[in-house]
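Novice:
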Amino acid sequence: MEKKKDPAETENDISYAYERFIESDPDNAYDYYIVWGNELSVNARSDRDDTLFEKALEKYKKAVVLNPNNNKAYIRWAVALADYQSQDNNRLNPYLSEALEKARKAITLSPCAEAYSAWGYILLTMGRGLDVGEQEEILLEAIDKFKKAAHLDQNNGRHFADWAKALFLLSMEKNDNSIFEECTKKYDLANRLEPNDVYICTKWAKNTSDYALFNEDEKLYKRSLDLYAKAYEIDRDELLIVKYWAEALANYAELANDAELYRQAANKYMQYSEACTENCLPEGYYYNIVCGHMLIRQSKINDTLYEDHNRIKTVIEKGADEYPDIAAREMARIYSLLNSVEPALEWLEKYLCCEEDGDAEYLMEDDDFANIRQDLRFYELLDKYQKASKDDVL
Numbered sequence: 000m001e002k003k004k005d006p007a008e009t010e011n012d013i014s015y016a017y018e019r020f021i022e023s024d025p026d027n028a029y030d031y032y033i034v035w036g037n038e039l040s041v042n043a044r045s046d047r048d049d050t051l052f053e054k055a056l057e058k059y060k061k062a063v064v065l066n067p068n069n070n071k072a073y074i075r076w077a078v079a080l081a082d083y084q085s086q087d088n089n090r091l092n093p094y095l096s097e098a099l100e101k102a103r104k105a106i107t108l109s110p111c112a113e114a115y116s117a118w119g120y121i122l123l124t125m126g127r128g129l130d131v132g133e134q135e136e137i138l139l140e141a142i143d144k145f146k147k148a149a150h151l152d153q154n155n156g157r158h159f160a161d162w163a164k165a166l167f168l169l170s171m172e173k174n175d176n177s178i179f180e181e182c183t184k185k186y187d188l189a190n191r192l193e194p195n196d197v198y199i200c201t202k203w204a205k206n207t208s209d210y211a212l213f214n215e216d217e218k219l220y221k222r223s224l225d226l227y228a229k230a231y232e233i234d235r236d237e238l239l240i241v242k243y244w245a246e247a248l249a250n251y252a253e254l255a256n257d258a259e260l261y262r263q264a265a266n267k268y269m270q271y272s273e274a275c276t277e278n279c280l281p282e283g284y285y286y287n288i289v290c291g292h293m294l295i296r297q298s299k300i301n302d303t304l305y306e307d308h309n310r311i312k313t314v315i316e317k318g319a320d321e322y323p324d325i326a327a328r329e330m331a332r333i334y335s336l337l338n339s340v341e342p343a344l345e346w347l348e349k350y351l352c353c354e355e356d357g358d359a360e361y362l363m364e365d366d367d368f369a370n371i372r373q374d375l376r377f378y379e380l381l382d383k384y385q386k387a388s389k390d391d392v393l
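As structure tokens, this is what we get:
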């Protein structure tokens with residue numbers, strides 16, 4: 000596996016390249032400084048490198064000095080500020096107020112669609128730091144900005160998709176179906192303008208499945224599955240489509256208690272897991288276990304777990320080295336459902352001893368563990384590893 004490049008070396012390479020570009024083509028220095036700032040900010044964001052991020056901001060400042068009446072640098076500066084998360088992960092983004100200031104400056108210079116879109120994006124980013132019930136005002140303001148962007152550039156589907164996303168968040172905030180229908184109309188318009196834009200189609204699908212989950216709506220789940228299929232046809236290499244598709248199938252299966260939907264969810268999770276493995280992404284092992292969980296659900300409904308359990312165990316074992324705690328829990332689940340108490344308790348102990356903060360409440364409430372809850376050794380294990388007894392939990 001190729002060794003990751005040192006951040007300082009990466010910065011030096013980037014800086015050397017853009018210095019040469021500016022030296023050889025000074026007439027385009029303004030644009031070079033913007034792109035230079037963009038590239039440094041992306042690397043700073045990836046590495047949570049505050050020092051590098053400040054250097055990125057310096058490039059936008061240099062662009063502004065070269066052409067103070069052009070709003071392009073202010074727009075990119077604003078978005079970079081909104082996107083950055085400092086090394087202190089517990090702090091809200093400290094740059095959001097400055098990001099708004101830069102967006103307003105861009106609008107003052109030229110009230111274009113891109114500037115309004117950036118302003119709306121910053122407002123949505125600010126809204127993420129608010130609790131549910133506190134977001135309405137800022138979402139309405141973001142909707143206004145995306146609406147203005149869409150009216151200024153009516154052939155750009157991304158503006159309508161951003162407008163739709165803000166409407167979706169407002170519909171969740173207010174639990175209002177009429178707002179969600181308006182969101183759907185905007186996504187439909189965005190999709191008609193940009194039928195091959197995988198971003199638009201995937202966002203539409205994800206917002207639809209999220210709203211279906213929120214409202215336990217089977218009709219919306221079906222609609223979201225069609226949209227995921229469409230997004231996948233546009234770009235079969237986009238892994239997130241498969242992941243979101245699997246999640247929608249799993250949630251729909253749970254709502255409908257449908258074995259066939261669980262089978263489809265298992266297939267999608269396996270597809271995602273295999274793709275992650277091919278791309279050297281360790282989370283693929285986790286989704287082997289999730290796939291196994293879907294197969295348990297399917298077999299439980301079909302009453303075929305006895306026949307299927309060895310095959311399911313093989314799937315779960317693929318993720319056991321990387322995620323021994325979750326794999327052990329699922330093994331305990333299988334044996335509990337089979338009413339094989341001894342191996343179930345053995346696997347439960349493996350789960351509890353490697354899961355430092357194991358969830359006793361979950362084990363007490365999940366029906367899959369009902370059989371082993373009849374055995375006093377179950378409570379002895381909880382007491383041993385989690386200081387929780389039957390009386391404590393009940």
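Numbering-wise (numbering that gives the first Met the number 0), the sequence shown opens with residue 0 and increments by one. Glycine included, C-beta positions come from ideal geometry on N, C-alpha and C. Remember, predicted model here, so these are calculated numbers, not experimental data.
Tell me which residue opens and which closes the alpha helix (DSSP H) that Val-63 is part of.
Specialist: If you number the sequence shown from 1, residue 63 lands on position 64. First-last of the alpha helix (DSSP H) with Val-63: 49-65.
Novice: With 16 as the cutoff for other CB atoms within 10 Å, does Leu-139 come out buried or exposed?
Specialist: Within the sequence shown, numbered from 1, the residue matching residue 139 stands at position 140. Burial call: exposed.
Novice: Under 9 Å between the Cβ atoms of Ser-335 and Ala-369?
Specialist: On the sequence shown, position 336 is the one that residue 335 refers to. On the sequence shown, position 370 is the one that residue 369 refers to. Cβ atoms of Ser-335 and Ala-369: closer than 9 Å.
Novice: Any idea if His-394 is buried or exposed, counting beta-carbon neighbours within 10 angstroms, 16 or more meaning buried?
Specialist: Any property of residue 394 remains undetermined from this structure, which presents the chain solely from 0 to 393.
Novice: With Glu-232 as the anchor, note down where its alpha helix (DSSP H) starts and where it stops.
Specialist: As a working mapping, residue 232 is identified with position 233 in the sequence shown. Run containing Glu-232: 217-233, per the alpha helix (DSSP H) assignment.
Novice: Indicate whether Glu-218 and Ala-211 have their beta-carbon atoms separated by less than 9 Å.
Specialist: The residue you call residue 218 lines up with position 219 of the sequence shown. The residue you call residue 211 lines up with position 212 of the sequence shown. For the record, residue 218 in the displayed sequence is Lys; it is not Glu. Cβ atoms of Lys-218 and Ala-211: closer than 9 Å.
Novice: Any idea what DSSP makes of Val-131, helix, strand or coil?
Specialist: As a working mapping, residue 131 is identified with position 132 in the sequence shown. Coil.
Novice: At which residues does the alpha helix (DSSP H) containing Arg-372 begin and terminate?
Specialist: The count along the sequence shown starts at 1 and reaches residue 372 at position 373. No alpha helix (DSSP H) holds Arg-372; DSSP gives it neither H nor E.
Novice: Residue range of the alpha helix (DSSP H) that Pro-342 falls in?
Specialist: As a first step, residue 342 is located in the sequence shown; it is residue number 343 there, counting from the start. That run of the alpha helix (DSSP H) goes 340-353.
Novice: With a CB to CB cut of under 7 Å and the five nearest residues on each side skipped, what residues in its chain are close to Ala-264?
Specialist: Here residue 264 corresponds to residue number 265 of the sequence shown, with the count starting at 1. Answer for Ala-264: Ala-245, Leu-248, Ala-249, Ala-252 and Met-293, listed in chain order.
Novice: Thinking C-beta only, is Ile-288 closer than 9 Å to Ala-343?
Specialist: The residue labelled residue 343 in the question sits at position 344 within the sequence shown. The residue labelled residue 288 in the question sits at position 289 within the sequence shown. Cβ distance not < 9 Å, so Ala-343 and Ile-288 don't count as in contact.
Novice: DSSP state of Ala-319, grouped into three classes?
Specialist: Locating residue 319 in the sequence shown gives position 320, counting from the first residue. Reduced to three states, the DSSP call for Ala-319 is coil.
Novice: Which whole-angstrom value is the C-beta distance of Asp-173 and Glu-135, which I expect to be below 8 Å?
Specialist: Sequence index remark: in the sequence shown, residue 173 carries index 174 (1-based). Sequence index remark: in the sequence shown, residue 135 carries index 136 (1-based). Looking at the sequence itself, residue 173 is Lys, so the reference to Asp does not match. Right, their Cβ atoms sit about 7 Å apart.
Novice: Among Tyr-198, Ile-371 and Arg-191, which one has its Cα closest to the Cα of Ile-233?
Specialist: Translated into the one-based positions of the sequence shown, residue 233 becomes position 234. Minimum Cα distance to Ile-233 is reached at Tyr-198.
Novice: Give a yes or no on whether the C-beta atoms belonging to Tyr-15 and Asp-24 are separated by under 9 Å.
Specialist: Here residue 15 refers to the residue found at position 16 of the sequence shown. Here residue 24 refers to the residue found at position 25 of the sequence shown. No; because the gap between Cβ atoms is not below 9 Å, this pair is not in contact.
Novice: Report back the beta-carbon spacing between Leu-169 and Cys-200 to the nearest angstrom; my notes put them in contact at under 8 Å.
Specialist: Taking the sequence shown and counting its residues from 1, one reaches residue 169 at position 170. Taking the sequence shown and counting its residues from 1, one reaches residue 200 at position 201. In fact, because the Cβ distance is near 21 Å, the residues do not count as touching under 8 Å.
Novice: Per DSSP, what kind of secondary structure is Cys-290 in: helix, strand or coil?
Specialist: The residue given as residue 290 occupies position 291 in the sequence shown. DSSP places Cys-290 in helix when its eight states are reduced to three.
Novice: Please list, in chain order, all residues of the same chain as Asn-66 whose beta carbon is under 8 Å from its beta carbon, the five residues on each side excluded.
Specialist: For the purposes of this step, residue 66 is identified with residue 67 of the sequence shown, where counting begins at 1. Around Asn-66: Tyr-29 and Ala-72.
Novice: Which residues in the same chain as Phe-213 place their Cβ atom closer than 8 Å to its Cβ, once the five residues preceding and following it in sequence are excluded?
Specialist: Indexing the sequence shown from 1 puts residue 213 at position 214. So the qualifying residues of the chain are Met-171 and Asn-174.
Novice: Look up Pro-25 in the DSSP assignment and say whether it is helix, strand or coil.
Specialist: Position 26 of the sequence shown holds residue 25. It is helical.
Novice: Is any non-hydrogen atom of the ligand FMN found closer than 8 Å to the C-beta of Tyr-305, if you look at the structure I gave you?
Specialist: The model on display carries no ligand, and the ligand FMN is accordingly not part of it.
Novice: By how many angstroms is the C-alpha of Lys-104 removed from the C-alpha of Tyr-268?
Specialist: Position 269 of the sequence shown holds residue 268. Position 105 of the sequence shown holds residue 104. In a straight line, the C-alpha of Tyr-268 is about 46 Å away from that of Lys-104.
Novice: Quick check: what's the CA-CA separation for Tyr-243 versus Asn-301?
Specialist: One-based indexing of the sequence shown puts residue 243 at position 244. One-based indexing of the sequence shown puts residue 301 at position 302. C-alpha separation (whole angstroms): 25 Å.
Novice: When we look at the beta-carbon of Val-131 and count the other beta-carbons within 10 Å, is it buried (16 or more) or exposed?
Specialist: Here residue 131 refers to the residue found at position 132 of the sequence shown. Exposed, by the Cβ-count rule.
Novice: In the structure shown, what three-state DSSP assignment does Glu-193 receive?
Specialist: On the sequence shown, residue 193 is found 194 positions in, with the first residue counted as 1. Glu-193 falls in the coil class under three-state DSSP.
Novice: For Cys-279, does the three-state DSSP call read helix, strand or coil?
Specialist: Here residue 279 corresponds to residue number 280 of the sequence shown, with the count starting at 1. Correct three-state label for Cys-279: coil.
Novice: If I measure Cβ to Cβ from Ile-315 and keep anything under 6 Å in the same chain, skipping five residues before and after, which residues do I get?
Specialist: Counted from its first residue, the sequence shown places residue 315 at position 316. Ile-288, Gly-291, Ala-326 and Glu-329.
Novice: Between Asp-81 and Asn-92, is the Cβ-Cβ spacing less than 9 Å?
Specialist: One-based indexing of the sequence shown puts residue 81 at position 82. One-based indexing of the sequence shown puts residue 92 at position 93. It is worth fixing the name first, because residue 81 is Ala in this sequence and not Asp. Against a cut-off of 9 Å, the Cβ pair of Asn-92 and Ala-81 comes out as a contact.
Novice: What's the C-alpha gap between Asn-70 and Arg-235?
Specialist: Taking the sequence shown and counting its residues from 1, one reaches residue 70 at position 71. Taking the sequence shown and counting its residues from 1, one reaches residue 235 at position 236. Going from the Cα of Asn-70 to the Cα of Arg-235 covers about 37 Å.
Novice: For Leu-351, collect the residues of the same chain with a Cβ closer than 7 Å to its Cβ; drop the 5 residues on either side in sequence, then sort them by chain order.
Specialist: As a working mapping, residue 351 is identified with position 352 in the sequence shown. For Leu-351, where only same-chain residues beyond five positions count, the Cβ hits under 7 Å are Gly-357, Leu-380, Tyr-384 and Gln-385.
Novice: Buried or exposed for Cys-275, please, with buried defined as at least 16 other CB atoms from any protein chain shown within 10 angstroms of its CB.
Specialist: For the purposes of this step, residue 275 is taken as residue 276 along the sequence shown, with counting starting at 1. Result: buried.
Novice: With DSSP as the reference, label Gln-263 as helix, strand or coil.
Specialist: On the sequence shown, residue 263 is found 264 positions in, with the first residue counted as 1. Correct three-state label for Gln-263: helix.
Novice: What first and last residue would you give for the alpha helix (DSSP H) that runs through Ser-109?
Specialist: For the purposes of this step, residue 109 is taken as the residue at position 110 of the sequence shown. Looking at the DSSP string, Ser-109 is not in any alpha helix (DSSP H), and its letter there is neither H nor E.
Novice: Near Tyr-17, which residues of its chain fall below 7 Å by C-beta distance, leaving aside the five closest residues on each side in sequence?
Specialist: Counted from its first residue, the sequence shown places residue 17 at position 18. If we look at Tyr-17 and ignore the five residues flanking it on each side, its Cβ neighbours are Tyr-31 and Trp-35.
Novice: Could you check what DSSP says for Leu-337 in three-state terms: helix, strand or coil?
Specialist: Start at 1 with the first residue of the sequence shown, and residue 337 comes out as number 338. Looking at Leu-337 - three-state DSSP - the assignment turns out to be coil, as it is neither helix nor strand.
Novice: With DSSP run on the structure shown, which of helix, strand or coil describes Thr-303?
Specialist: Counted from its first residue, the sequence shown places residue 303 at position 304. Three-state DSSP puts Thr-303 in coil, outside helix and strand.
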